[in-house]
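Student: After the structure tokens below, expect a handful of questions from me.
What follows is the structure, encoded as structure tokens:
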């Protein structure tokens, strides 16, 4: 990023049409899967562990009626929320690793200490138990620092259900739409200090090197309160496994070391034109 300010992005008509077509295709695929799963007998649904089956059990009325649109929207929300934000966050994380090789080396060393001492990627991956992942405080801090600067959802909004007064004294009315910007909040000096735009994982660690979380109302990448992201811990687990394996066995570098990528704002924050990097094996014996 060349600037700490979030600028608007122009979206061409073809891109908008492409996005609309993708959403339509995803919605159609999701809509088709719901009635198909509903044909199973109740006993069969009970024995299944997938979310769609569980949602059908939970939302079917006493008369056996199913709100297909509600189910479709729930599944579509899970698909979108569980894939795009995590993929985008990992892309920004890898960019930060390339820009900060000293952080990359610290994470590699931490992963080596937490996981099994082996030259096999498969064996190392299997050794990343919950206990091992919980030892990786520096990796957790680096991922969180990435999300502070590059939140997957850079702009969000809420609808007011009743008249209210915000903590700063600003009045809002029923039906008002209130926007907040995690991207901007993550770069505010009054929240994060004079080095707010600096990538520094250590800001998340205490004197013992243990991860020290901030209030979710300050670090808003996963929202806060009753609407906090239900998949937060699962997202962290996915990202930590991916990052630990990758940085344990490979050294990452940008193809163009002087390159500064830019972002493309859609629903989630993407790296414009993708991330071009090289991965060199560490030669672990």
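Numbering (the UniProt record's numbering), first residue to last: 1 to 285.
Ideal Cβ positions, reconstructed from N, Cα and C, are used throughout, including at glycine.
Is the region 236-248 in contact with the region 110-119, if contact means three or more CB pairs nearer than 8 Å?
Tutor: In short, these stretches touch, since the Cβ pair count reaches three.
Student: Give the list of continuous beta strand (DSSP E) stretches no shorter than 3 residues that lie fully inside the region 114-200.
Tutor: Runs found: 156-159, 177-180.
Student: Find the nearest neighbour of residue 99 within the set 272, 261, 281, 269, judged by alpha-carbon distance.
Tutor: Counting from 1 along the chain shown, the entry for residue 99 is found at position 99. Considering only alpha carbons, the answer is 261.
Student: Have a look at 72, 281, 68, 221 and flag the residue whose alpha-carbon is nearest the alpha-carbon of residue 153.
Tutor: In the chain shown, the residue the question calls residue 153 occupies position 153. When each option's Cα is compared against that of residue 153, the closest is 221.
Student: Quick one: grab the DSSP three-state call for residue 224.
Tutor: The residue given as residue 224 occupies position 224 in the chain shown. The answer is coil: DSSP assigns residue 224 none of H, G, I, E or B.
Student: Determine the extent of the alpha helix (DSSP H) in which residue 241 is found, giving its start and end residues.
Tutor: To locate residue 241, count along the chain shown from 1; it is residue 241. Per DSSP, residue 241 belongs to the alpha helix (DSSP H) from 232-249.
Student: Taking the beta carbon of residue 140 as the centre, do at least 16 other beta carbons fall within 10 Å, making it buried, or is it exposed?
Tutor: Here residue 140 refers to the residue found at position 140 of the chain shown. Residue 140 should be labelled buried.
Student: For residue 269, is the classification buried or exposed, using 16 other Cβ atoms within 10 angstroms of its Cβ as the cut-off for buried?
Tutor: Within the chain shown, the letter at position 269 stands for residue 269. Residue 269 is buried by the Cβ-count criterion.
Student: Classify residue 183: buried if its beta carbon has 16 or more other beta carbons within 10 angstroms, exposed otherwise.
Tutor: As a position in the chain shown, residue 183 is number 183, starting the count at 1. Buried is the call here.
Student: Name the two residues that bound the continuous beta strand (DSSP E) containing residue 271.
Tutor: By 1-based counting over the chain shown, the position of residue 271 is 271. Per DSSP, residue 271 belongs to the beta strand (DSSP E) from 269-271.
Student: Could you tell me the distance, in whole angstroms, from the CA atom of residue 277 to the CA atom of residue 175?
Tutor: The count along the chain shown starts at 1 and reaches residue 277 at position 277. The count along the chain shown starts at 1 and reaches residue 175 at position 175. Cα to Cα, the separation comes out at about 46 Å.
Student: Who are the Cβ neighbours of residue 155 in its own chain at under 6 Å, not counting the five residues just before and after it?
Tutor: In the chain shown, the residue the question calls residue 155 occupies position 155. The residues are 181.
Student: Return the CA-CA distance between residue 263 and residue 95, expressed in angstroms with no decimal places.
Tutor: Numbered from its first residue, the chain shown carries residue 263 at position 263. Numbered from its first residue, the chain shown carries residue 95 at position 95. So the alpha carbons of these two residues sit roughly 12 Å apart.
Student: So the candidates are 85, 55, 118; which of them puts its Cα closest to the Cα of residue 72?
Tutor: Here residue 72 is taken as the residue at index 72 of the chain shown, counted from 1. Ranking the options by Cα distance to residue 72, first place goes to 55.
Student: By alpha-carbon positions, which one of 74, 233, 103, 273 ends up nearest to residue 145?
Tutor: Taking the chain shown and counting its residues from 1, one reaches residue 145 at position 145. Of the candidates 74, 233, 103, 273, the one whose C-alpha sits nearest the C-alpha of residue 145 is 103.
Student: Grab me the residues of residue 212's own chain with a C-beta within less than 7 Å of its C-beta, minus the 5 sequence neighbours each way, in chain order.
Tutor: The residue labelled residue 212 in the question sits at position 212 within the chain shown. Contacts found: 204, 205, 206.
Student: With C-beta atoms as the reference, is residue 143 less than 9 Å away from residue 68?
Tutor: Here residue 143 refers to the residue found at position 143 of the chain shown. Here residue 68 refers to the residue found at position 68 of the chain shown. Not in contact: residue 143 and residue 68 (Cβ atoms no closer than 9 Å).
Student: Taking the C-alpha atoms as reference points, what is the distance between residue 186 and residue 199?
Tutor: Start at 1 with the first residue of the chain shown, and residue 186 comes out as number 186. Start at 1 with the first residue of the chain shown, and residue 199 comes out as number 199. Approximately 11 Å, taken between the alpha carbons.
Student: Return the CA-CA distance between residue 124 and residue 238, expressed in angstroms with no decimal places.
Tutor: Here residue 124 refers to the residue found at position 124 when the chain shown is read from its first residue. Here residue 238 refers to the residue found at position 238 when the chain shown is read from its first residue. Answer to the nearest angstrom: the Cα atoms are 15 Å apart.
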